[in-house]
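Asker: Residue numbers (my numbering): 484 to 541.
Virtual Cβ for every residue (Gly too), placed ideally from N, Cα, C.
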C-alpha cells in the first residue's frame with residue numbers, strides 16, 4: 484500500500500488541490516445564495532432574465 488502511495492503521490496496531490504478548489508467554489512456559491520446575491524456575479528437589474536431566474540425577496 485505504501486509503495487502505491489509513493490508511486491502516485493503527484494496524482495494524489497493534484498487531485499487534493501482540485502478537490503479543495505472545487506469545495507471552495509461550492510462554498511462561495513452557497514454563501515452568495517444565502518446572502519441573496521446572484522449566481523453570475525452581477526446585479527439582476529439589467530438582466531433580461533431577472534424575472535425568471537430568482538424569486539424576488541421583499
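So, with DSSP's three-state summary, where would you put residue 520?
Answerer: Coil at residue 520, not helix or strand.
Asker: With DSSP as the reference, label residue 530 as helix, strand or coil.
Answerer: DSSP places residue 530 in coil when its eight states are reduced to three.
Asker: Under a three-way DSSP split, which group does residue 512 fall into?
Answerer: It is helical.
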